[in-house]
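*Asks:* My questions will all concern the structure given below.
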Amino acid sequence: MPRLHGKDGPDTMEPVERDKDGRSGTILLVEDSDVVRAVIANMLENGGLTVLQASGGKEALALSRRGDASIDLLLTDIVMPEMSGVELADRLVRERPDVRILFMTGYAEEVVVNEGILGKHGECIGKPFTGEQITKRVRKILFP
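Residue numbers (my numbering): 1 to 144.
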């Protein structure tokens, strides 16, 4: 079951807090490692973002299709069992054309981008990253 996190804890949809300009966003975080997903979710929540969590592509699509939450950005690992992050992004964009995409990878970020692995979605951040790095990158995409 997808986990929803907001300022009041698990299974809430209210944004954690807004930045100094009053902006917030909802991130659909997809990562197959429970520990890594929890750490990244905590980083984003501490940065004032609402995080919806899924352990894989099928769970993420099911969460998106529930329709009770806006999703501003998909933050997904590229390499996952059953469905790659790129396939997930392609499918999610067909259902939610306005969603922005940011991939994560433990591989060399330059190789992933240069090899064209991301398809038409060109944003990628290499793991590991700090809370400040991921929050800054997400906010730059959401609020250019």
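Using N, Cα and C, we set each Cβ at its ideal position, and we do this for glycine too.
Helix, strand or coil: how does DSSP classify Ala69 here?
*Replies:* Here residue 69 corresponds to residue number 69 of the sequence shown, with the count starting at 1. DSSP places Ala69 in coil when its eight states are reduced to three.
*Asks:* Leaving out five residues on either side along the sequence, give the residues of the same chain with a beta carbon under 8 Å from the beta carbon of Asp32.
*Replies:* For this step, residue 32 is matched to residue 32 along the sequence shown. So the list reads Ser55, Gly56, Asp77, Met80, Pro81, once near-sequence residues are dropped.
*Asks:* Can you give the Cα-Cα distance for Leu88 and Ile134, rounded to whole angstroms?
*Replies:* Here residue 88 refers to the residue found at position 88 of the sequence shown. Here residue 134 refers to the residue found at position 134 of the sequence shown. Rounded to whole angstroms, Leu88 to Ile134 spans 20 Å at the Cα level.
*Asks:* By the three-class DSSP mapping on this structure, what secondary structure does Thr130 have?
*Replies:* For the purposes of this step, residue 130 is identified with residue 130 of the sequence shown, where counting begins at 1. Coil at Thr130, not helix or strand.
*Asks:* Here's a check: name, in chain order, each residue in its chain whose Cβ is nearer than 8 Å to the Cβ of Arg65, leaving out the five neighbours to either side.
*Replies:* Position 65 of the sequence shown, counting from 1, holds the residue named residue 65. Closer than 8 Å at the Cβ level, and outside the excluded window around Arg65, lie Glu95.
*Asks:* What is the DSSP secondary structure of Ile78, reduced to helix, strand or coil?
*Replies:* In the sequence shown, the residue the question calls residue 78 occupies position 78. Ile78: coil per DSSP, three-state reduction.
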